[in-house]
Structure formats: structure tokens, C-alpha cells
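Report on the following structure.
Protein chains: 2
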Amino acid sequence: MKTLSDGFSIGVLAEAARVNVETIRFYQRKGLLPEPERPRGSIRRYADDDLARVCFIKSAQRLGFSLDEVSELLKLEDGAHCDEARDLAEHKLQAVRAKLADLRSIETALSQLVARCGATRGAVTCPLIASLQGNT
Amino acid sequence: MKTLSDGFSIGVLAEAARVNVETIRFYQRKGLLPEPERPRGSIRRYADDDLARVCFIKSAQRLGFSLDEVSELLKLEDGAHCDEARDLAEHKLQAVRAKLADLRSIETALSQLVARCGATRGAVTCPLIASLQGNT
DNA sequence: CTTGACTCCGTACTTAAGTACGGAAGTAAG
DNA sequence: CTTACTTCCGTACTTAAGTACGGAGTCAAG
Chain D
560 MKTLSDGFSI
570 GVLAEAARVN
580 VETIRFYQRK
590 GLLPEPERPR
600 GSIRRYADDD
610 LARVCFIKSA
620 QRLGFSLDEV
630 SELLKLEDGA
640 HCDEARDLAE
650 HKLQAVRAKL
660 ADLRSIETAL
670 SQLVARCGAT
680 RGAVTCPLIA
690 SLQGNT
Chain E
560 MKTLSDGFSI
570 GVLAEAARVN
580 VETIRFYQRK
590 GLLPEPERPR
600 GSIRRYADDD
610 LARVCFIKSA
620 QRLGFSLDEV
630 SELLKLEDGA
640 HCDEARDLAE
650 HKLQAVRAKL
660 ADLRSIETAL
670 SQLVARCGAT
680 RGAVTCPLIA
690 SLQGNT
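Line order of the protein sequences matches chains D and E. Position 61 of the first sequence, counted from 1, bears residue number 620 in this note's numbering, the numbering being contiguous throughout. Position 62 of the second sequence, counted from 1, bears residue number 621 in this note's numbering, the numbering being contiguous throughout.
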């Protein structure tokens, strides 16, 4: 007996997450996404949780986290030992703050460039490179 | 005749930029870094500009820009036509701002997680995933 | 109950960003 | 001048993150 909404297929999941079906399968192989049981010889069904997870992966990736790092982030969610989780989170937090600082200086540089570019004609010597000098 | 400081070798450049020598050569092949002339049958010499450029590339990469995107950013610096430059800069600026927004919500989520994790024992259900729901 | 679309699975291919390799040529110290 | 390290250059290998492919099984509409 089938409850009314017992999840969606991999194709629907992929489409909803704006991702290739193969990518979903790839994430499963990597252990980033749980592979739901398939009811005896049938097709796997996915739920909103899975969609959220895929979206999260893509979002974190856009921020420059690798899949390995994303998998660490996800372990936090999955309720690993609290101490480990905390350590991990603190490290990520530092990385995130460093990225934020870098991005802010790029933002400043870019908006200045845009402003100046509207004003001065030709010969743009933008402050972009200068804005990133002081990094490790 | 050699002036006292007429630049450094590729090895020194690479070391200063904390990068593999091969990476320098790779960037040259991709046109991200100019290849200085080699004085008749001798070795190429690099200057501070080149170092700055390599550092910039690495910084931008850490923020999630691809080498292709970095090369666009660098074209801005190189004084392309002002209008193009401005367009490019505006697009990048939007991308940068989107990244900033995402990063800020991750930062919030992570710091909340760290805080809670110190307080509650066990069973961490972190707000990380939730924090990234609202993205395209 | 057939037909067309979708799923499953393993394997193979692709792209981006390097890294490594090997031989010839340049260079710097003894 | 020899020896040991670099550079130079082309070509080949590696890793991460997918993408594509092909054959077999499943599902649902007509």
C-alpha cells in the first residue's frame, strides 16, 4: 500500500536540484547522499531531505568548498560526536571568514573600478590586484 | 651590462608565490602570465609585477573563480576597452555579492553550530542545511 | 501486453587545473 | 673546465568533479 506522497524518482530529484541525474548517482557513490532502499526490485524513491542535501552540496561548492570538505560539513549535520563536530565547524568558520575578507576586498575593488570606469575614458588601471596583495 | 636588481628566476618567483614552478609555466601557456623575453639564449627574468599577478590568481581562485574567470578579471587590469571592462566588472561584482551573501549565511550557521555545540551534548542537529535552502 | 520513457549499474570518457618527466641547454662555484 | 643545480620545452600523467554510454530491468499509457 502506497501512501499518497511517498517520494519522487531520481529524475525528478535531479531536475528539482538543477543537476544531472548522473551527478546524483555520483554523489551517492561518494557517500555524500544516502542511497534509499529500493522496495524489492523496484525503483528508489527520494524525499525532500535528499533534495535539500543536494542543494546544500551545490551551494557549498559555489563557495569554493570541495566535495571532500562538503562531506565534512555534512557529517556535522549527521550528528557526529559533538566535539569533533565542533572542531570541524570552528576550522570551517575560520576558512569562511578568510574567504569573506577576501571577497569584501574584491567587492570594494570591483565597485571602485565600475565607478571609475564610468568616469574616466580609456586606460583603466584597476585596483584589483592591489586589493589582494596582503594574503598568505 | 646587468643592473643590480634585474629580476629573479622562475624558481624564485615560484617559491615566493608558494607555487610549483610548473604552475608558473602552466599559467604562461594559458596566457594568464606574460612570458618575459629571454635575453639571447639565456634565462627569463621576472619582476614584482609577475609575483603580484601570480598571487592574485591564487587569491581569486580561493574565492571560487576559475582560471578562465580570473583571466577575465585580469583583462580588466590590463586596460581593455573601458566599456567592456565595465560590463565585465559589473557581472563579476554581482557574482561576488552573491558569494558574499551565501558565505554570510554559512558563517552565521557555522557560528551558531559552534555555540550550540558547546552548550548541548550529543545529537547535534545543525542549522547548516537550512541556511542554504533559499538559493537558486 | 506492447511501447516508450525512465531507472539501474558498471565502465569509460571529459574538463580543469595542475604535476611529473626527460633530455638539452644555461649558470654559478670550486 | 667540470660538476651540480636550474631552466626550458614538449609530452604525458594525475586528481576532482562530473558526463556519457550501453544493456538490462521497471513503470505506466494506450
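We put the CB at the ideal spot given by N, CA and C, even for glycine.
Closest Cβ-Cβ distance between residue i and chain D: below 8 Å?
i, result
"E:G623", "yes"
"E:I583", "no"
"E:L592", "no"
"E:N579", "no"
"E:L572", "no"
"E:R656", "yes"
"E:L626", "no"
"E:S601", "no"
"E:D661", "yes"
"E:R645", "yes"
"E:E666", "yes"
"E:A576", "no"
"E:P598", "no"
Can you tell me where the alpha helix (DSSP H) with residue i in it begins and where it stops?
i, result
"E:F585", "V580 to R588"
"D:G570", "I569 to A575"
Taking DSSP as the reference, what is the three-state secondary structure of residue i?
i, result
"E:D565", "coil"
"E:A674", "helix"
"D:T695", "Unreliable placement is indicated for D:T695, whose pLDDT of 44 sits below 50; no coordinate value is reported for it."
Determine, for residue i, whether the minimum Cβ-Cβ distance to residues of chain E falls below 8 Å.
i, result
"D:E649", "yes"
"D:V629", "no"
"D:L635", "yes"
"D:L669", "yes"
"D:I569", "no"
"D:V673", "yes"
Check your understanding: Which runs of the alpha helix (DSSP H), 4 residues or longer, sit entirely within the segment 583-629 of chain E?
Key -> 607-621
Check your understanding: Using 8 Å as the Cβ pair cut-off and three pairs as the minimum, do the segment 564-571 of chain D and the segment 603-620 of chain D touch?
Key -> yes
Review point. Would you say the segment 661-672 of chain E touches the segment 645-653 of chain E, given that touching needs at least three Cβ pairs under 8 Å?
Key: Under the three-pair Cβ rule at 8 Å, the segment 661-672 of chain E does not count as touching the segment 645-653 of chain E.
Check your understanding: For the segment 618-632 of chain E against the segment 620-639 of chain D, are there 3 or more C-beta pairs whose distance is under 8 Å?
Key -> yes
Review point. What are the uninterrupted segments assigned as alpha helix (DSSP H) that are 4 or more residues long and contained completely in the segment 632-670 of chain E, given in chain order?
Key: none
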